[in-house]
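Residue numbers (my numbering): 1 to 472.
Where a beta carbon is used, it is the ideal one built from N, C-alpha and C, also for glycine.
Nothing here was measured: the structure is a model prediction, and the numbers come from that model.
Read through the structure below, which is laid out as C-alpha cells, and then see the notes.
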Ligand code: ARG
Ligand code: ZN
C-alpha cells in the first residue's frame, strides 16, 4: 500500500485524528460572537453560499455513529459521539442537525442544555470549554429522517427508498442523519455502525470491520480512517448483492449492487474499477484511501451520483464515464477538499476533465476534440450562463458551466503550458493537498510556479468572465 498511515491517537478505540491544516485551523478559530451568555462558537464557517453550514470554535477529530434503521417504518435511531477540540473559549457552540428528535445530549458525560433553530443545534455545556480543550459530545436521537431540498431542487441527505435508504449529503444533507460540523473545512475520521433487518445490507465508507447477526438484525461496522468531510459520509441501506476483493495494489474493494440494477451492462463497468483507479493513480498520484468500491442503488427519484468517500454511490447502474468521474473525485474533492462551495469547479471541473482524459487515453475522442465540440455550443446555451469560478449561488454549484466550462478551463491551461507541465501540475495539486484543502487561488499559484507563466488572463477568461469566451 502506498499511503502513509496516520498515527493512532487516544481518541477512542482505533480512532484516528484528522489533521487540521493551518489555514483551516485559522478559519475554524475565527472568533464567534461574544454575548451576555459569554463566548459562542460561530453558527457557520462563513461560506458565502451556505452561511449556516459548519460552525466555528472547534474541530471534530472523530465521529462515532451508531445507527439503527427499519426500512418498513422508516424509523432511525442514532447515537453520535463527537470527539472534538475547542479552538477558542466556548461558553456555547453549534452543531448542524435538522429534523429528528433529540433524546439526550451530553458534553463530557454531563448533561448539556441545548436549543434548536433551523439547522442550528446550540449546545451550552455545563462548564465552559477552554481554548485547546478536547471534549466529547454525545447526542442520542430518533425519528423518521427526511432529505433536505437543495437550492437546485434536488433531494439531499437521508433519502428513503423502497428497500432502505439512499444516503448522500452534498452539499448539506449530512445533518439530516447525524449532528455534524457540516462543512468541508472540517474533516474527521469516522466509525459508523448500522443495524438493519438481516435481509438488508448497510454500506458506509472505508473498511468493513465486521458484521454480526442477532435476533434477526445485522450490524455492519465500518471505519473511515482517513479524514472525511461530513457530506461524503453514507450509511446506505438496501437489498444488495455484495462482492468483496482486494486489488493488486492492496486496496480493499466492497461493491454493493441492487439486483434490479445488476444488468448485463452494469457488471463490466464495475469490474473496471481496479483498472480505473490504477489509471487515475498514474495521473493523479497514489490513491488516497485504503478502501474503494461502488454502491449501486435503485433510487429513481435521485437522479445523481455522489463521490461518497472511498465508495461512490449511484442512483442507478453507472456508465464507465460516471465511474471514472466519481472515482476521480476521490482525489479532487474528497482528498483535496473545498475551502468554500464557491470553488466547486475544483471538484466538478477536475472530475469532468478526468472523463475527457480517460476517453483520450482509451481509444475515444481526444480532449481537444471534446473541447472543440463544447466550444461550438451557441452563446445563448446554459453552458455559458455563468462563469464556473463564480457560480453566484448555491443553486448553481452543480450547473452545466461548473462541469463543462470547468473542464474547458483545465484544457485551456493544458494548451497554454503544454502536456509535461500540465500533468505535473495536476499531480502536484493532488499530492500537495492530499487530505487537505485547496482554493482556486492556490491552484493558479501552483500552475504559475510550475509553468513560469502569468496565468491571470487565462484563469480570468475561463473561470471568471461572463458569457462565452470570444476565442477558444
Ligand atoms: N458531486 C456529484 C457529482 O458530480 C453531484 C452531486 C449533486 N448533488 C445535488 N445535491 N444536486 O458527481
Ligand atoms: Zn462530480
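Tell me which same chain residues have a C-beta within less than 8 Å of the C-beta of residue i, skipping the five on either side of it?
i           : result
residue 25  : Residue placement at residue 25 is flagged as unreliable, the pLDDT there being 46, under the threshold of 50; the coordinate-derived value follows with that caveat. The residues are 59 and 87.
residue 21  : Its pLDDT being 48, under 50, residue 21 is placed unreliably by the model, and the measurement read from it follows with that caveat. Excluding residues within five positions, the ones whose Cβ falls inside 8 Å are 436 and 437.
residue 394 : 49, 50, 150, 151, 152, 171 and 341
residue 343 : 389, 438, 439 and 440
residue 34  : 40
residue 118 : 52 and 98
residue 239 : 163, 164, 199, 200, 201, 258 and 259
residue 23  : Since pLDDT at residue 23 reaches only 46, below the 50 mark, its modelled position is unreliable, and no value is offered.
residue 272 : 320 and 323
Should residue i be counted as a contact of the ligand ARG given a C-beta to heavy atom distance under 6 Å?
i           : result
residue 305 : yes
residue 156 : yes
residue 373 : no
residue 350 : no
residue 398 : yes
residue 474 : The structure shown does not extend to residue 474, since the chain is modelled only from 1 through 472, so no value can be given for it.
I think residue i touches residue j, with their Cβ atoms under 8 Å apart; what is that distance to the nearest whole Å?
i           : j           : result
residue 134 : residue 85  : 5 Å
residue 334 : residue 315 : That belief does not hold up - the Cβ atoms of residue 334 and residue 315 are roughly 19 Å apart, past 8 Å.
residue 74  : residue 130 : With a Cβ gap of about 42 Å, residue 74 and residue 130 do not count as contacting.
residue 79  : residue 138 : 7 Å
residue 220 : residue 251 : In fact, because the Cβ distance is near 19 Å, the residues do not count as touching under 8 Å.
residue 277 : residue 291 : With 8 Å as the limit, residue 277 and residue 291 do not qualify as a contact, their Cβ atoms being about 11 Å apart.
residue 82  : residue 142 : 18 Å between Cβ atoms; not a contact.
residue 274 : residue 375 : Residue 274 to residue 375, Cβ: 34 Å. No contact.
residue 302 : residue 398 : Between residue 398 and residue 302 the Cβ distance is about 13 Å, and since that is not below 8 Å, they are no contact.
residue 451 : residue 403 : Wrong, their Cβ atoms sit about 25 Å apart, outside the cutoff.
residue 350 : residue 365 : Not confirmed; about 19 Å, so no contact.
Please return the same chain residues whose Cβ sits closer than 6 Å to the Cβ of residue i, not counting the five positions on each side in sequence.
i           : result
residue 115 : 122
residue 469 : 461
residue 69  : 76, 196 and 237
residue 309 : 205, 228, 232 and 334
residue 7   : Summary for residue 7: the model assigns pLDDT 32, below 50, so the residue's position carries little reliability, and this model does not support an answer.
residue 535 : Missing from the structure shown is residue 535; the chain here goes from 1 to 472 and no further.
residue 248 : none
residue 405 : 388
residue 38  : 91
Along the alpha helix (DSSP H) that carries residue i, what are the first and last residues, could you check?
i           : result
residue 429 : 419-432
residue 375 : 367-375
residue 160 : Residue 160 -> not in any alpha helix (DSSP H); beta strand (DSSP E) instead, spanning 155-160.
residue 197 : Run containing residue 197: none in the alpha helix (DSSP H); it sits in the beta strand (DSSP E), 187-197.
residue 446 : 440-451
residue 459 : 456-459
Residue range of the beta strand (DSSP E) that residue i falls in?
i           : result
residue 341 : No beta strand (DSSP E) contains residue 341, which DSSP labels as neither H nor E.
residue 62  : 58-70
residue 530 : Lying before the first or after the last residue shown, residue 530 is absent from the chain, which here runs from 1 to 472.
residue 105 : 101-107
residue 224 : 217-229
residue 120 : 120-124
residue 275 : Counting along the chain, residue 275 falls outside any beta strand (DSSP E), though it belongs to the alpha helix (DSSP H) covering 273-284.
residue 256 : 252-257
residue 208 : 207-214
residue 135 : 134-143
residue 82  : 75-86
residue 166 : 165-168
Under 7 Å, Cβ to Cβ, is there at least one residue of chain B near residue i?
i           : result
residue 297 : The chain labelled as chain B is not found in the depicted structure, where only one protein chain is given.
Would you say the beta carbon of residue i comes nearer than 6 Å to a heavy atom of the ligand ZN?
i           : result
residue 170 : no
Take residue i and list the residues in its own chain whose beta-carbon comes closer than 7 Å to its own, dropping the five residues that flank it on each side.
i           : result
residue 113 : 124
residue 43  : 52, 55, 94 and 120
residue 306 : 168, 170, 312 and 313
residue 458 : 412, 413 and 416
residue 213 : 198
residue 367 : 356, 357, 360 and 411
residue 464 : 387, 389 and 390
residue 147 : 155, 156, 157, 158, 159, 173 and 176
residue 433 : 336
residue 188 : 18, 60, 61, 62, 63, 227 and 228
Is there contact between the region 404-413 and the region 253-273, where contact requires at least three CB pairs shorter than 8 Å? no
Would you check if there are 3 or more beta carbon pairs closer than 8 Å linking the region 279-299 to the region 158-167? yes
Mind the definition here: the region 355-367 touches the region 317-333 only if three or more C-beta pairs lie below 8 Å; say whether that holds. yes
Determine, using beta-carbon pairs with one atom in the region 377-394 and one in the region 425-432, whether at least three such pairs fall under 8 Å. no
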